[in-house]
Amino acid sequence: MADVVTTYIESFDEPVRSRLEAVRALVHQLVPDVTEKIGYQMPAFVDQGRNLIYIGGFKDHLGVFPGVVDDQFAEYRTGKGTLQFKNNVPLPMDVIAQVVKAKHSALLKK
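Letter by letter, the sequence shown follows residues 3 to 112 in the numbering used here.
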């Protein structure tokens with residue numbers, strides 16, 4: 003399914019394309035066994051058969067959809083389970099890494 007995720011990412015112009023690739027690489031670095039698919043018309047990262055996060059490219063922002071968002075990420079939260087990172091500012095990779103690690107840890111406890 004990685005090919006469909008690549009096709010999705012390549013359908014965007016810069017800077018969205020490189021931002022999606024950066025998050026994709028980060029997820030694979032943090033969770034090496036993660037697999038990819040398309041769900042809800044955007045890339046999803048799956049660990050042990052369970053959805054870790056979704057990412058989506060948009061004109062003005064990059065969306066990260068972990069499902070549940072802690073209050074510590076309130077600056078980026080725009081809805082239940084949704085984080086938005088504006089395309090005109092650097093991606094806070096440390097924040098995204100914290101989100102991925104927290105969600106992965108929660109999945110391991112289930």
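C-beta: ideal position from N, C-alpha, C; glycine also.
Suppose contacts are defined by Cβ-Cβ distances below 9 Å. Is residue i in contact with residue j by that definition?
i   : j    : result
G59 : V101 : no
G83 : P68  : yes
L54 : V71  : no
V6  : V66  : no
To which residues of the same chain is residue i closer than 8 Å at the C-beta, ignoring the five residues directly before and after it?
i   : result
R21 : G59, L64, F87, N89 and L93
E12 : R19
L32 : A99, V102, K103 and H106
L28 : M95, I98, A99 and V102
Within the continuous beta strand (DSSP E) that includes residue i, where are the two ends?
i   : result
K39 : T37 to G41
A46 : M44 to D49
When every heavy atom of the ligand MN is checked, does at least one fall within less than 8 Å of the C-beta of residue i?
i  : result
T8 : By its list of ligands, the structure shown contains no ligand whatsoever, and the ligand MN lies outside what it can speak to.
Taking the DSSP output, what are the residues bridged to residue i?
i   : result
I57 : V66
Got a sec, what are the start and stop residues for the alpha helix (DSSP H) residue i sits in?
i   : result
Q86 : Q86 -> not in any alpha helix (DSSP H); beta strand (DSSP E) instead, spanning T84 to K88.
A93 : Note on identity: in this sequence residue 93 is Leu, with Ala being the wrong assignment. Looking at the DSSP string, L93 is not in any alpha helix (DSSP H), and its letter there is neither H nor E.
E23 : V18 to L32
Please go through the same chain and pick out, in chain order, the residues whose beta-carbon is closer than 6 Å to the beta-carbon of residue i, but skip the five residues on each side of it.
i   : result
F14 : G59
I'd like the list of long-range same chain contacts for residue i, defined as Cβ closer than 7 Å, with 5 residues on each side in sequence excluded.
i   : result
H30 : V36
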